[in-house]
Ligand SMILES: [Zn+2]
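Numbering (the working numbering), first residue to last: 113 to 523.
As structure tokens, this is what we get:
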């Protein structure tokens, strides 16, 4: 009886791991040993303990994975409770990661979940290298870009430009928005990375001010008119606070007046909140479906294509330098390089910080390196890889880029 519980828990994994087939590579050895090794030895990191993260932790624990860690910087709020099902009213104010880990461990025996209550950027890059799989339950493009760049930074290419298998850090990315959602697997160097297809995300909706002021056509136009134009006219200098119900009520009643003037229906208080705070509805069922989707869900699928020139998962950019070139000069070069156009550049070499933009203590500690020749900072090797992070595209798009820049220093 004691044995039958873990078996049933991993029955879906069993179907894949206990028998051979023509879908697997030549080195695949089916059997209980493989299954047990995966359950015991594979370390999975779940990033985010919100709507999707709660579902993911539960799914992974029920699938038999025994070594999980979860990282999240947020505390539990009352408005989370309708869908983040691991949390109770009494948990409000506590860190999400800690409570989520505790709840799953209480319900699923044999699983060990370590929690981290901090920002993803607070962990050293080496922290992420300790995991075999990274699963993302995030709600922002910036955070996905960051983790994607971290995972891609572990990637190494052989001299033919092929990715080295042991350096590939698989990621599973999920996301939901209302009734819609996605799940995708990213194998850096093999499949398109997050950055290869970043253009998929639509630009944020912004209404032209002239439309708001002169030709409103929708309820949202009326609300934004009250919020962006009317508020400033009526409250000289007072900042609008979206969390102040009186402010919201004022914008709502102004929007109603505006809508009546132009005969536009549909302005409600909750729509006003939605438009002003840019609220996207979160639905528990969508999270549940998406969290389980990478295991198999039959739906419309789209094939992604790798971007050969992707700065994040590609083999990097070869930059030839004189041995006398200082770190400062190198950073200037990256800012002007037509393929890169990086700003706010930080440089590391084999895990050592050569120059860091932030936090201020690290900036101060590494500042003196700026005047030293990069060749010396990189141990005087004739050809090596420096890792570079920065914002791409001169500020208008602040995605993190972490590329492998191969350096060739010559005397
Ligand atoms: Zn890429």
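Just so you know, even glycine gets a beta-carbon here, dropped at the ideal spot from N, CA and C.
DSSP three-state call for residue i: helix, strand or coil?
i, result
"residue 235", "coil"
"residue 347", "coil"
"residue 262", "helix"
"residue 283", "strand"
"residue 211", "helix"
"residue 130", "coil"
"residue 450", "coil"
"residue 414", "coil"
"residue 188", "coil"
"residue 455", "strand"
"residue 253", "helix"
"residue 241", "helix"
"residue 427", "coil"
"residue 444", "helix"
"residue 145", "helix"
"residue 174", "helix"
"residue 219", "helix"
"residue 477", "helix"
"residue 166", "helix"
"residue 470", "coil"
"residue 560", "Not covered by the structure: residue 560. The range shown for the chain is 113 to 523."
"residue 124", "helix"
"residue 150", "helix"
In the DSSP output, which residue or residues are listed as bridge partners for residue i?
i, result
"residue 289", "292"
"residue 460", "465 and 499"
"residue 228", "183"
"residue 275", "269"
"residue 438", "485"
"residue 155", "179"
"residue 248", "159 and 285"
"residue 398", "Per DSSP, none; premise fails for residue 398."
"residue 298", "283"
For residue i and residue j, which I take to be in contact (beta-carbon distance under 8 Å), what is that distance rounded to the nearest angstrom?
i, j, result
"residue 335", "residue 379", "6 Å"
"residue 154", "residue 177", "6 Å"
"residue 89", "residue 392", "Only positions 113 to 523 of the chain appear in this structure, which leaves residue 89 out of reach."
"residue 286", "residue 402", "5 Å"
"residue 503", "residue 454", "7 Å"
"residue 307", "residue 425", "7 Å"
"residue 239", "residue 156", "Wrong, their Cβ atoms sit about 14 Å apart, outside the cutoff."
"residue 288", "residue 416", "The Cβ separation is near 19 Å, so there is no contact."
"residue 129", "residue 146", "5 Å"
"residue 232", "residue 258", "6 Å"
"residue 487", "residue 435", "4 Å"
"residue 187", "residue 214", "Not quite, the Cβ-Cβ distance comes to about 14 Å (not below 8 Å), so this is no contact."
Count the other CB atoms within 10 Å of the CB of residue i; is the residue buried (16 or more) or exposed (fewer)?
i, result
"residue 354", "exposed"
"residue 499", "buried"
"residue 203", "buried"
"residue 430", "exposed"
"residue 322", "exposed"
"residue 267", "buried"
"residue 199", "buried"
"residue 138", "exposed"
"residue 219", "exposed"
"residue 387", "buried"
"residue 162", "buried"
"residue 314", "exposed"
"residue 333", "buried"
"residue 449", "exposed"
"residue 372", "exposed"
"residue 442", "buried"
"residue 360", "buried"
"residue 184", "buried"
"residue 493", "exposed"
"residue 170", "buried"
Please decide whether residue i counts as near chain C, where near means a Cβ-Cβ distance under 8 Å.
i, result
"residue 482", "Note that chain C does not occur in the displayed structure, where there is just one protein chain."
Item to check | Continuous alpha helix (DSSP H) assignments of at least 4 residues falling wholly in the region 308–388 | outcome: Within the region 308–388, the complete alpha helix (DSSP H) segments of 4 residues or longer fall at 321–326, 331–336, 343–346, 357–374 and 381–388, listed in chain order.
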